[in-house]
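*Asks:* One structure, pasted below without further comment.
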Amino acid sequence: MSALKDFTGRAARFAGLHLAYEVWRFIIAEVMATTDADPVVVDTFLAFAAGIGMVPIRKEKPRGTLVSVLGPSLCAVQDLAFGGSAELEVIDEVRRLGTGLPRGTFEIFGVVGLSAPCGIAWHGDEDQQRIAAWFKASYLGQG
Numbered sequence: 009m010s011a012l013k014d015f016t017g018r019a020a021r022f023a024g025l026h027l028a029y030e031v032w033r034f035i036i037a038e039v040m041a042t043t044d045a046d047p048v049v050v051d052t053f054l055a056f057a058a059g060i061g062m063v064p065i066r067k068e069k070p071r072g073t074l075v076s077v078l079g080p081s082l083c084a085v086q087d088l089a090f091g092g093s094a095e096l097e098v099i100d101e102v103r104r105l106g107t108g109l110p111r112g113t114f115e116i117f118g119v120v121g122l123s124a125p126c127g128i129a130w131h132g133d134e135d136q137q138r139i140a141a142w143f144k145a146s147y148l149g150q151g
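Going letter by letter, the sequence shown gives residues 9 to 151 in the working numbering.
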């Protein structure tokens with residue numbers, strides 16, 4: 009949000025609201041506001057999020073708090089797949105059985121789509137950009 013606020017011409021009234029996919033299950037609403045945001049605006053976002061049954065989380069963090077928590081894990085499994093260390097199905101099985109989580113990482117990608125993690129990787133370091141190119145050629149480019 010900080011990178012965008014000056015382009016709005018109204019930094020004091022600018023904030024973002026990020027909802028996860030499957031909002032009926034994952035009820036986090038990330039309210040992202042800069043230090044320039046008017047507290048009344050921030051309170052309005054927080055009240056709106058609570059009013060629609062979400063749990064409001066107020067924190068300005070590039071990519072949001074949820075993605076920041078998930079990001080390292082997502083990058084690690086992309087690296088495993090790209091490096092040929094394990095098949096996608098094996099990576100997902102290890103995540104499910106090893107953590108008790110209901111979905112593997114690539115199953116999560118099936119919900120959110122590969123374009124989001126690939127887009128993030130395109131803006132990463134050279135290794136992440138190679139992984140993004142591989143995913144695009146191997147999966148996104150397949151139609």
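Beta carbons: idealized from backbone N, C-alpha and C, even for Gly.
(1) Measure the alpha-carbon distance for Val63 versus Ala41 and round it to whole angstroms.
(2) Just the C-alpha distance for Asp51 and Glu101, rounded to the nearest angstrom, thanks.
(3) Entirely within the segment 39-93 and at least 3 residues each: give me those beta strand (DSSP E) ranges in chain order.
(4) Sort Gln137, Pro125, Val39, Arg104 by Cα distance to Phe53 and report the nearest one.
(5) Chain D beta carbons: is any one of them nearer than 9 angstroms to that of Ser123?
(6) What does DSSP give as the partner residues of His131 in its beta bridges?
(7) Counting along the chain, where does the alpha helix (DSSP H) carrying Leu96 start and finish?
(8) Kindly indicate which three-state DSSP category Ile36 falls into: helix, strand or coil?
(9) Give me the DSSP bridge partner(s) of Leu25.
(10) Say whether the segment 112-124 touches the segment 134-142, bearing in mind that this needs 3 or more beta-carbon pairs closer than 8 angstroms, one atom from each stretch.
*Replies:* Walking through what the data contain:
(1) A straight line joining the alpha-carbon of Val63 with that of Ala41 spans about 16 angstroms.
(2) Rounded to the nearest angstrom, the two C-alpha atoms are 42 angstroms apart.
(3) 63-66
(4) Val39
(5) The structure shown contains no chain D; it is built from a single protein chain.
(6) His131 is not bridged to any residue.
(7) 96-107
(8) Ile36 sits in a strand when the DSSP states are folded into three classes.
(9) Val39
(10) Result no; under three Cβ-Cβ pairs closer than 8 angstroms.
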